[in-house]
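Chemist: My structure is below; once you've seen it, I'll send some questions.
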Amino acid sequence: MVTSACAHAHGGMVDLSVYDRTEGRRLPVYWHEGRAYVAGKPGNEYQVTLRSRQSQDVLAVVSVDGVNVITGQTAEPSQSGYVLSPRGGLDILGWRKSLSQTAAFYFTALPDSYAARTGRPDDVGVIGIALFRRKVEPVPQPQPYGQGAPAARAESRADDRLGTGHGRQEYSPATRVTFERATSAPAEVVTLYYDSHANLLARGIIRDPVRVAPRPFPGFVPDPAG
């Protein structure tokens, strides 16, 4: 079953969306059999956008193509992530290279993806966030933020699949903070799949709009202008 497109993948704690930086638009999300998908255009740069629904800080461990976007490790929920302020948002522009630089995300063919070029092609085509609440201290005191986490406030052939490349480096500042998790397991995981428009169309995830056939006899002859 295919439903109409919406703006983001809803989470109970955080909403996840993808913004095409090349075309200047948020990609619509298509729901198919309980999964959320976006259609990327090869060569276009994009960013991952998170919007918190929580009234307290949230730690988001973010993976693209099965790779942690901060450390470059094969992603695990226990790894470093980004801290979201209460009701705050965060735009993740690329793979973090330092506390001041990221390498831009861009849509590309699977063999050119960062995951494939580092020997990890199996999970190409998915963006995920593992979300953690902050541990509440029994005695009121100044609250620390994220553990080892930079915090920014604010069926086609396998080789035809779309992946995410390691692009140009750009300024994208973050600071290192601490965050004590309330639980060892994520409170929530939000997942967003992506592929090219052609592949999603071939898989039945996106359907062509209904086209009205041209009519040979559309009506009577109108008066000319003027």
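Counting along the sequence shown from 1, when you hit position 106 you're at 105 in numbering that gives the first Met the number 0, and nothing is skipped either side.
Heads up, the beta-carbon is just placed ideally off N, CA and C, and yes, glycines get one too.
Taking only the alpha-carbon atoms, compute the straight-line gap between LEU49 and ALA59 and give it to the nearest angstrom.
Modeler: Translated into the one-based positions of the sequence shown, residue 49 becomes position 50. Translated into the one-based positions of the sequence shown, residue 59 becomes position 60. Their backbone Cα atoms lie some 9 Å apart in a straight line.
Chemist: Report the option in GLY42, PRO27 and TRP30 whose CA atom is closest to the CA atom of HIS165.
Modeler: Indexing the sequence shown from 1 puts residue 165 at position 166. Taking only the C-alpha atoms, the option nearest HIS165 is GLY42.
Chemist: Using only the alpha-carbon positions, how far apart do TRP94 and GLY218 sit?
Modeler: Position 95 of the sequence shown holds residue 94. Position 219 of the sequence shown holds residue 218. The alpha-carbon atoms of TRP94 and GLY218 are separated by roughly 58 Å.
Chemist: I think TYR36 touches TYR18, with their Cβ atoms under 8 Å apart; what is that distance to the nearest whole Å?
Modeler: Position 37 of the sequence shown, counting from 1, holds the residue named residue 36. Position 19 of the sequence shown, counting from 1, holds the residue named residue 18. The Cβ separation is near 16 Å, so there is no contact.
Chemist: Can you look up GLU154 in the DSSP assignment and give me helix, strand or coil?
Modeler: Your numbering for residue 154 matches position 155 in the sequence shown. Residue placement at GLU154 is poorly supported in this model, since its pLDDT is 43, which falls under 50; the coordinates still yield a value, given next. Correct three-state label for GLU154: coil.
Chemist: Can you find at least 3 beta carbon pairs, one from the segment 25-40 and one from the segment 78-87, that sit closer than 8 Å?
Modeler: no
Chemist: Over what stretch of residues does the alpha helix (DSSP H) that includes LEU199 continue unbroken?
Modeler: For the purposes of this step, residue 199 is identified with residue 200 of the sequence shown, where counting begins at 1. Per DSSP, LEU199 belongs to the alpha helix (DSSP H) from 196-201.
Chemist: Assign ALA115 to one of two classes, buried (16 or more other C-beta atoms within 10 Å of its C-beta) or exposed (fewer than that).
Modeler: Stepping through the sequence shown from its first residue, residue 115 is reached at position 116. Classification for ALA115: buried.
Chemist: Which full runs of the beta strand (DSSP E) of 3+ residues lie inside the segment 30-71, going along the chain?
Modeler: Fully enclosed beta strand (DSSP E) runs of 3 or longer: 34-39, 44-51 and 57-63.
Chemist: Are the Cβ atoms of ALA102 and LYS96 separated by less than 8 Å?
Modeler: On the sequence shown, residue 102 is found 103 positions in, with the first residue counted as 1. On the sequence shown, residue 96 is found 97 positions in, with the first residue counted as 1. Yes, they are a contact pair.
Chemist: Assuming LEU160 contacts VAL125 (C-beta within less than 8 Å), just tell me the rounded distance between them.
Modeler: Position 161 of the sequence shown holds residue 160. Position 126 of the sequence shown holds residue 125. One detail in the question is off: residue 160 reads as Arg in this sequence, not Leu. With 8 Å as the limit, ARG160 and VAL125 do not qualify as a contact, their Cβ atoms being about 10 Å apart.
Chemist: Beta carbon of VAL47, beta carbon of VAL57: below 8 Å?
Modeler: Along the sequence shown, read from residue 1 onward, the residue named residue 47 stands at position 48. Along the sequence shown, read from residue 1 onward, the residue named residue 57 stands at position 58. Taking 8 Å as the Cβ cut-off, VAL47 and VAL57 do not qualify as a contacting pair.
Chemist: For LEU130, does the count of other Cβ atoms within 10 angstroms reach 16, so buried, or fall short, so exposed?
Modeler: Here residue 130 corresponds to residue number 131 of the sequence shown, with the count starting at 1. Per the 10 Å Cβ criterion, buried.
Chemist: Which residue wins for smallest C-alpha separation from HIS9, given the options PRO221, ARG202 and LEU191?
Modeler: Within the sequence shown, the letter at position 10 stands for residue 9. Of the listed residues, the one whose Cα sits closest to HIS9 is LEU191.
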